[in-house]
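Residue 273 is where the sequence shown starts when you use our numbering, and the numbers rise one by one after that.
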Amino acid sequence: MWEAILTPLNAHVGQRAVTGKATFTMEDGTLTAMLDVRGVVPGQLHAQHIHGHDGESSCPTPGADADGDG
273 MWEAILTPLN AHVGQRAVTG KATFTMEDGT LTAMLDVRGV VPGQLHAQHI
323 HGHDGESSCP TPGADADGDG
């Protein structure tokens with residue numbers, strides 16, 4: 273199992289400070305992601321977009337943020 277604490281990287285852009293925790297589990301080759309978040313608009317859909325691939329990956333550095341919005 274893996275866990276990640278979720279905090280906003282660009283809180284100044286949105287109107288809400290969304291926080292939470294993501295928990296990932298792997299069973300029989302299936303990855304399951306569970307999100308427990310606070311600060312979202314109640315009763316609305318909150319789509320998640322998760323990428324996966326076989327190669328190595330890395331996060332871009334802050335220098336890659338051309339427009340400075342986080």
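Glycine included, C-beta positions come from ideal geometry on N, C-alpha and C.
Since this is a predicted model, take the numbers as computed values, not measurements.
In whole angstroms, give me the CA-to-CA distance for residue i and residue j.
i, j, result
"Ala276", "Thr291", "11 Å"
"Thr333", "Gly340", "12 Å"
"His284", "Asp326", "34 Å"
"Thr297", "Met273", "5 Å"
"Ser346", "Ile322", "Residue coverage of the chain in this structure runs from 273 to 342, which leaves residue 346 outside it and unanswerable."
Verify whether the separation of the beta carbon atoms of residue i and residue j is less than 8 Å.
i, j, result
"Ala305", "Ala289", "no"
"Leu278", "Val309", "yes"
"Leu307", "Gln320", "yes"
In this structure, does DSSP put residue i in helix, strand or coil?
i, result
"Ala336", "helix"
"Arg262", "Outside the displayed span of the chain (273 to 342) sits residue 262, for which this structure offers no information."
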